[in-house]
Amino acid sequence: MQRTLLESLRERYLKDRQMLFVSGPRQVGKTTIARQLGDVFPVGAYFNWDNPSHRAAILDGAEEIASRLGLDRLLAEKPFCAFDELHKYRHWRDFLKGFFDVYENRVHVLVTGSAHLNVFKRAGDSLMGRYFPYTLHPLSVAECAGARAIEPLAHPPRRIDEDQWQALWRYGGFPEPFLKADNRFYTRWRKLRTEQFLREDLRDLTRIQELGQIEMLAMNLSSHVGQLTSYSRLAREIRVSVDTVRRWTATLESLYYCFSIRPWYKNVTRGLRKEPKYYLWDWSQVEEPGARAENLVASALLKATHWWTQDGRGDFGLYFIRDKQKREVDFLVTRDRQPWFLVEVKTSGGAKLSEALGLFQSQTGAEHAFQLGFDLEYVERDCFEHKKPLIVPARTLLAQLV
């Protein structure tokens, strides 16, 4: 399956001089993207830090990479060079800065990593102005339905196949288990990926020694998806300080285990201001159906807001709303720092329309307000034609995103 992001990356190389940074969870498809981009260009090279011979070439310096690419001779077209998992190299920023400053007009550079590439600033000068960041997310309803990167915001929906809808729900959006849709494979894949993350990634990229306790924290977050976070409760349960819990959750976010959504309180009467909610990048690990549905929607909305922002279409954000009377709407998407649309998630389309949708739409001035029903059949209509709160099929609204 060709990912939607591939089309945009190819276009950016034709227009811009900057390096492209693509980060995302382990096994989400970054290496596949790198290899597919390499097939587009007549000359190219791929270097993976985890490969000993590739690592040796990188350690030999920019001149060695340039020699392998043929940058010391006249070429008909710019070659392509991909560096995979380069953030594991302590001086990766120095290396890239030196390489790019010498060869920027002679090569297309892609850098991929399974950690936020702006987090591990261990040494070296800033790369400001030398790269554009992108995030590769798991597969979504819109991507499975054939959405393209160049389409406008909130484009008309396309029907997703029933088998794909069920596979997204059961196996998540990581490409390999989604495409195989096999219970035995998924069980083994999930176990191995969790072990690799909690043992290898945390060990290699952080200085955290208490791997057993941070594993308990990860499990606790997965069982409290979509709930208000109490750092003091988490600290008591895993027997560390509140500051340690805050630091470890930030680490889990930087390694793409989970992501946080914070409350929107502007123009919300007595709105909450501090406590975030956490969701998993792999929603298939969430056991409770209501929480899994909410996590799947959170992932789709985060993917859309990331993509629209990174593609230069505006400044988009994702929040939730809750006031001190415990009235709540699951998600608010903002556009250029202004409320755009509200989303409430229900497993049943027969649930009564939430009164909080109308209340918070009135307070925030959001243009649209939707209540998603996960058991509702797809409807071939544009949800964004409507301004007042409305119950819509989840698969219809999600197909209008990215």
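Here the working numbering runs 44 ahead of the position in the sequence shown, where the first position is 1.
All C-beta atoms, glycine included, are put in the ideal place defined by N, C-alpha and C.
| query | result |
| --- | --- |
| Tell me whether Pro383 sits in a helix, a strand or coil according to DSSP, three-state version. | strand |
| To which residues of the same chain is His181 closer than 6 Å at the C-beta, ignoring the five residues directly before and after it? | Lys347 |
| Name the one or two DSSP bridge partners that Arg306 has. | Tyr363 |
| Using a Cβ-Cβ distance under 7 Å, would Asp60 count as near chain D? | Absent here is chain D; the protein component of the structure consists of one chain. |
| Smallest Cα separation from Leu212: which of Ser267, Val185, Leu376? | Val185 |
| Going straight from the alpha carbon of Ala395 to that of Gly142, what length do you get? | 58 Å |
| Compute the distance between the beta-carbons of Ile204 and Ala193, then report whether it is under 7 Å. | no |
| Taking the C-alpha atoms as reference points, what is the distance between Tyr309 and Arg366? | 8 Å |
| Output the distance between the C-alpha atoms of Arg379 and His98, rounded to the nearest integer angstrom. | 42 Å |
| Run the CB neighbour count on Met63, radius 10 Å, all protein chains shown included, and call it buried at 16 or more, exposed below. | buried |
| When the Cα atoms are used, what is the spatial distance from Gln354 to Val66? | 11 Å |
| With Val92 as the anchor, note down where its alpha helix (DSSP H) starts and where it stops. | As written in the sequence, residue 92 is Asn, which differs from the Val given in the question. Unbroken run through Asn92 is the beta strand (DSSP E), 88-92; no alpha helix (DSSP H). |
| For Glu388, name the three-state secondary structure that DSSP assigns. | strand |
| Based on DSSP bridge pairs, tell me the residues matched to Ile204. | DSSP output for Ile204 lists no bridge partner at all. |
| Taking 7 Å as the cut-off, decide whether the C-beta atoms of His350 and Thr238 are in contact. | no |
| Quick check: the Cα distance between Lys59 and Met172, rounded to an integer number of angstroms? | 18 Å |
| Report back the beta-carbon spacing between Ser392 and Asp419 to the nearest angstrom; my notes put them in contact at under 8 Å. | 6 Å |
| Of the choices Tyr275, Asn339, Tyr230, whose alpha-carbon is the least far from that of Leu442? | Asn339 |
| Just curious, the alpha helix (DSSP H) that Gln271 is in, first and last residue? | It is not in any alpha helix (DSSP H) - Gln271 carries neither H nor E in the DSSP assignment. |
| If we count the other Cβ atoms within 10 Å of its Cβ and call it buried at 16 or more, is Glu399 buried or exposed? | exposed |
| Check the C-beta distance from Ala101 over to Glu107 and give it rounded, since I have them as a contact under 8 Å. | Incorrect: roughly 11 Å between the Cβ atoms, too far for contact. |
| Looking at Ala413: is its Cβ nearer than 7 Å to the Cβ of Gln407? | no |
| In terms of alpha-carbon separation, which member of Asp248, Asp359, Ile282, Leu183 lies closest to Trp93? | Asp248 |
| Are the stretch 284-292 and the stretch 221-237 in contact at 8 Å, needing three or more beta carbon pairs? | no |
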